[in-house]
Amino acid sequence: MPGERENDVTGDTPALAAMRNEYAADRGLSEAELTADWPTQFGCWLADAVAAGLPEPNAMVLGTADAAGRPSGRTVLLKEYDREGFVFYTNHGSRKGGELAVNPWASLVFPWFAMQRQVVVTGRVRPVHRAETEAYFATRPRGSQLGAWASTQSEVVPDRAALEEAYRAAAERFPAATPVPAPPHWGGFRVRPEAVEFWQGRAGRLHDRLRFRRVEGGDWVVERLAP
8 MPGERENDVT GDTPALAAMR NEYAADRGLS EAELTADWPT QFGCWLADAV AAGLPEPNAM
68 VLGTADAAGR PSGRTVLLKE YDREGFVFYT NHGSRKGGEL AVNPWASLVF PWFAMQRQVV
128 VTGRVRPVHR AETEAYFATR PRGSQLGAWA STQSEVVPDR AALEEAYRAA AERFPAATPV
188 PAPPHWGGFR VRPEAVEFWQ GRAGRLHDRL RFRRVEGGDW VVERLAP
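Heads up, the sequence shown is in our numbering, so the first residue is 8 and it goes up one at a time.
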């Protein structure tokens, strides 16, 4: 009928506009508290997240884009970081792998909501050396190793049974006494940051945002951003 709203799903939906948490007034991040470089600062905050018992503190939202600039995002796990960047592993044939092949730039967000903190990274991406991939793959649980062989990540599959059958085939290919090698289509990527922002929630939405930014010559500057 005229005037009726089609596909109205708001009846039992909470009032989203009213949902908010007020951040602590006594927390903050000043330039004086910031460490000398971003790896040290990141390490301190990651250690805080681990000590606080946050679930999967190494989880990060990875943003990529295709050749036309259409973005996509997903959660992956950080497996290593150093001055050269942040490392994660994936199937190179996945959507993110394909997008990074044509547009080797990415963003990372560490959403440590319970601590009213975020770390936001942007930078160029390159594959890690194969030896590094193989060394990490060897540390994975056997089930995860077999899963890497079984999954054609991001491709359409007919049903769950097809995925489980592919897993059984991988288990037969690599019996229990046989080491499982890293698949040729699977490996690591390193995000080499151009900027690393440390975001601390503050009262009144006047958040502290301090950013390390790489400048010409490879040096870094620290900048405060408006919330």
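We put the beta carbon where it would ideally sit given N, CA and C, even for glycine.
(request) Out of Ala145, Arg133 and Gly194, point me to the one whose CA is closest to Gln160's CA. (result) In the sequence shown, the residue the question calls residue 160 occupies position 153. Comparing Cα-Cα distances from Gln160 to each of Ala145, Arg133 and Gly194, the minimum goes to Gly194.
(request) Note down, in chain order, each residue of its chain lying with its Cβ closer than 7 Å to the Cβ of Glu230, except the 5 sequence neighbours on either side. (result) Taking the sequence shown and counting its residues from 1, one reaches residue 230 at position 223. The residues are Arg218 and Arg220.
(request) May I ask you to check if the CB of Gly194 is nearer than 6 Å to at least one heavy atom of the ligand FAD? (result) Of ligands this structure carries none, so the ligand FAD is not represented either.
(request) Can you grab the Cα-Cα spacing for the pair Ala88 / Arg102, in whole Å? (result) Here residue 88 corresponds to residue number 81 of the sequence shown, with the count starting at 1. Here residue 102 corresponds to residue number 95 of the sequence shown, with the count starting at 1. Note on identity: in this sequence residue 88 is Tyr, with Ala being the wrong assignment. C-alpha separation (whole angstroms): 23 Å.
(request) Give a yes or no on contact between the region 201–215 and the region 120–135, applying the rule of three or more CB pairs nearer than 8 Å. (result) yes
(message) Going by C-alpha to C-alpha distance, which of Ala169, Gln48 and Ala233 sits closest to Arg1?
(response) Only positions 8 to 234 of the chain appear in the structure, and residue 1 is not among them; the question remains open.
(request) Would you identify the three-state DSSP class for Arg149, choosing helix, strand or coil? (result) Here residue 149 refers to the residue found at position 142 when the sequence shown is read from its first residue. It is helical.
(request) Taking Leu84 as part of the beta strand (DSSP E), name the residues at either end of that continuous run. (result) For this step, residue 84 is matched to residue 77 along the sequence shown. Unbroken beta strand (DSSP E) run through Leu84: Pro78 to Leu84.
(message) So, at 7 Å on beta carbons, what are the nonlocal neighbours of Asp215 in its own chain, with the 5 sequence-adjacent residues on each side left out?
(response) For this step, residue 215 is matched to residue 208 along the sequence shown. Once the five neighbours on either side are set aside, the close Cβ partners of Asp215 are Gly35, Leu36, Gln207 and Arg209.
(message) Quick check on Pro9: does DSSP put it in helix, strand or coil?
(response) For the purposes of this step, residue 9 is taken as the residue at position 2 of the sequence shown. Note on Pro9: pLDDT 48, under 50, position unreliable in the model; the coordinate value appears next. Correct three-state label for Pro9: coil.
(message) Can you give me the C-alpha to C-alpha distance between Ala155 and Ala169, rounded to a whole angstrom?
(response) Walking along the sequence shown from the start, residue 155 turns up at place 148. Walking along the sequence shown from the start, residue 169 turns up at place 162. Roughly 15 Å separates the two Cα atoms.
(message) Just to confirm, is the Cβ distance from Val116 to Ala74 under 7 Å?
(response) Within the sequence shown, residue 116 is the residue found at index 109, counting from 1. Within the sequence shown, residue 74 is the residue found at index 67, counting from 1. Against a cut-off of 7 Å, the Cβ pair of Ala74 and Val116 comes out as no contact.
(request) Return the first residue and the last residue of the beta strand (DSSP E) that Val126 is part of. (result) One-based indexing of the sequence shown puts residue 126 at position 119. Arg124 to Pro134 is the extent of the beta strand (DSSP E) around Val126.
(request) Please classify Val310: does DSSP put it in a helix, a strand, or coil? (result) Residue numbering for the chain in the displayed model covers 8 to 234; residue 310 lies beyond these limits and cannot be assessed.
(message) Please report the straight-line C-alpha distance between Glu63 and Gly80, rounded to a whole angstrom.
(response) What you label residue 63 is simply residue 56 of the sequence shown in a count that begins at 1. What you label residue 80 is simply residue 73 of the sequence shown in a count that begins at 1. Rounded to the nearest angstrom, the two C-alpha atoms are 18 Å apart.
(message) Quick check: Gly70 and Ser114, are their CB atoms within less than 7 Å of each other?
(response) As a working mapping, residue 70 is identified with position 63 in the sequence shown. As a working mapping, residue 114 is identified with position 107 in the sequence shown. Closer than 7 Å, so yes.
(message) Quick check on Gln207: does DSSP put it in helix, strand or coil?
(response) In the sequence shown, the residue the question calls residue 207 occupies position 200. Here Gln207 sits in strand by DSSP.
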